[in-house]
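Written below as structure tokens is the structure these notes are about.
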Amino acid sequence: MVESYLAWCRQNGFGTWINKTLAQRQEELKTSKKAKVRKQTQSSIDEHIEALELNCVEAYQTWCRANGFGAGLQKSPTLRQQERHHASQMKIQILASKAAAYQHKRRRKDTIALIAAGQIGEEELTSPVLLQIHFLFHQAITESAVQDAFLELLIHVEKNSRLFHIKPVVSQYGPQPENTFIHALAALAQWHTMWLREVGKWQPSSHNARPQFGSLSRHLLADYDIPVCMDTAWFRGMDDEAEQQQEWFIHIGIGKNIRKAAIPLNYSKQMAHTFISHAPENYTIEAALRWAQVIGIGGYDHLADAVIGSRLGEQFHDEPFWESVLHFFINIPMLDPVHVGPIVDYIHHQRYVGQTQINPEGTVEHLDPLEPNLTMKARTPDSILRRVEVWHRGLSKEGK
Numbered sequence: 369m370v371e372s373y374l375a376w377c378r379q380n381g382f383g384t385w386i387n388k389t390l391a392q393r394q395e396e397l398k399t400s401k402k403a404k405v406r407k408q409t410q411s412s413i414d415e416h417i418e419a420l421e422l423n424c425v426e427a428y429q430t431w432c433r434a435n436g437f438g439a440g441l442q443k444s445p446t447l448r449q450q451e452r453h454h455a456s457q458m459k460i461q462i463l464a465s466k467a468a469a470y471q472h473k474r475r476r477k478d479t480i481a482l483i484a485a486g487q488i489g490e491e492e493l494t495s496p497v498l499l500q501i502h503f504l505f506h507q508a509i510t511e512s513a514v515q516d517a518f519l520e521l522l523i524h525v526e527k528n529s530r531l532f533h534i535k536p537v538v539s540q541y542g543p544q545p546e547n548t549f550i551h552a553l554a555a556l557a558q559w560h561t562m563w564l565r566e567v568g569k570w571q572p573s574s575h576n577a578r579p580q581f582g583s584l585s586r587h588l589l590a591d592y593d594i595p596v597c598m599d600t601a602w603f604r605g606m607d608d609e610a611e612q613q614q615e616w617f618i619h620i621g622i623g624k625n626i627r628k629a630a631i632p633l634n635y636s637k638q639m640a641h642t643f644i645s646h647a648p649e650n651y652t653i654e655a656a657l658r659w660a661q662v663i664g665i666g667g668y669d670h671l672a673d674a675v676i677g678s679r680l681g682e683q684f685h686d687e688p689f690w691e692s693v694l695h696f697f698i699n700i701p702m703l704d705p706v707h708v709g710p711i712v713d714y715i716h717h718q719r720y721v722g723q724t725q726i727n728p729e730g731t732v733e734h735l736d737p738l739e740p741n742l743t744m745k746a747r748t749p750d751s752i753l754r755r756v757e758v759w760h761r762g763l764s765k766e767g768k
């Protein structure tokens, strides 16, 4: 015991004799207590550093600075608990990142196959493309044969093209879920019984995604040239209207005349030729059909573009009447195309839009359009433009 005491005295700078004054012994006791406190504190720090999965004080202090904590060692239990909680959250994030990295590292082809087989749940996916594929397999497509065709397309396209994203494709349709290459592939799969060639034999001839899709759709469904604008049929989804346009695509692709398709216009041979040979590539099918109609009956490009910019560029109804309106425009070559849209809106309002009035007792009465029998006979540019101007002034007053 004495030897241990003397050794302690030497280590802590005290004399090694036995007979010491009371003051000297009190100083030694004070130093001993401080040493015990330091030892306990160091033990607590070591345990804390170990809990944070760090290996030394320097690493701990570096970690503290990097994560917004003070680098001092003397901290309250509450602050140390906060540090441990922060480290735990960081660990969870790292594990989640590793899981996501593993999912990404796993071959996308294998992931697609697992999705198709129902072996991967939606909650396990982070990629927007894979989430859309999951939705199509398990909520949109119900027939197993169509699912098989969709899977075949996805596997081949994933390897051989740039179609594997869900950015909007057709600018006129905007950010609709159906307006993606993935949805368009699902639409192609719906027509798998009409495919003329094997999916696996298709190779893209362009580095750009839009031409790649056009090439793929023609590889599967066409023996004859199809206007590029017809590709928009595949980006409208799989409802009845979209399927009708897809039928037109196939109709032309197998060599049939567009005039014999169930299009909403009564096409002449000239209109059909104009549509097949010259339809603008950046138009939707509706716009291209109307454009070819205007050109086919003798209109010029600027007039056709103005008509496309009006409601006639996307709507078809009462076509014999609207064809008379087009002839009216064509027969007045000096008419500025800027007036086409307002004239069309005015005619539509007068001939088709029902009116309402509030009766004295406060009830609303629904009335017929103002001019349901309006025709273009005996109309002059000046007379129609005056009526359009008066109508616009009336609309402005109503809006105030």
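If you count the sequence shown from 1, position 329 lands on 697 in my numbering, and the numbers rise without skipping.
Even glycine gets a Cβ: it sits at the ideal position worked out from N, Cα and C.
Predicted, not measured: the structure shown is a model, and the values here were computed from it.
Reduced DSSP category for residue i - H, G, I as helix; E, B as strand; rest coil
| i | result |
| --- | --- |
| K473 | Its pLDDT being 49, under 50, K473 is placed unreliably by the model, and the measurement read from it follows with that caveat. In the structure shown, K473 sits in a helix (DSSP, three-state: H, G or I). |
| H734 | strand |
| N387 | coil |
| R530 | coil |
| D599 | helix |
| R424 | Going by the sequence as given, residue 424 is Cys instead of Arg. C424 falls in the coil class under three-state DSSP. |
| F382 | coil |
| H685 | coil |
| D704 | coil |
Inter-residue Cα distance where the pair is residue i and residue j
| i | j | result |
| --- | --- | --- |
| R618 | F697 | It should be noted that the sequence gives Ile, not Arg, for residue 618. The straight-line gap from Cα to Cα measures roughly 34 Å. |
| T743 | I653 | 28 Å |
| Q449 | A427 | 18 Å |
| S456 | E492 | 22 Å |
| S495 | E520 | 20 Å |
| I665 | D704 | 19 Å |
| Q786 | S400 | Beyond the ends of the chain as shown, which are 369 and 768, falls residue 786; an answer cannot be given. |
| A672 | E609 | 24 Å |
| T561 | S678 | 38 Å |
| Q544 | V497 | 14 Å |
| P740 | N625 | 35 Å |
| K473 | F503 | With a pLDDT of 49 at K473, under the threshold of 50, the predicted position of this residue should be treated as unreliable, and no value is reported. |
| A391 | G440 | 34 Å |
| E737 | R627 | Here residue 737 is Pro; the residue named in the question, Glu, does not match the sequence. Each residue's alpha carbon lies about 33 Å from the other. |
Extent of the continuous beta strand (DSSP E) run through residue i
| i | result |
| --- | --- |
| Q661 | Taken as a continuous stretch (DSSP letters only), Q661 belongs to no beta strand (DSSP E), being part of the alpha helix (DSSP H) at 653-664. |
8 Å Cβ cutoff met for residue i and residue j
| i | j | result |
| --- | --- | --- |
| W616 | A640 | no |
| V537 | F518 | no |
| I480 | I509 | no |
| Q558 | V525 | no |
| N435 | H454 | yes |
| D591 | G568 | no |
| M606 | A555 | yes |
| I644 | P579 | no |
| F505 | I488 | no |
Where the alpha helix (DSSP H) through residue i begins and ends
| i | result |
| --- | --- |
| Q725 | Element bounds for Q725: not the alpha helix (DSSP H) but the beta strand (DSSP E), 723-726. |
| E615 | 608-621 |
| T642 | 637-646 |
| R578 | 577-589 |
| E490 | Where E490 is concerned, there is no enclosing alpha helix (DSSP H), given that its DSSP letter is neither H nor E. |
| Q718 | 708-720 |
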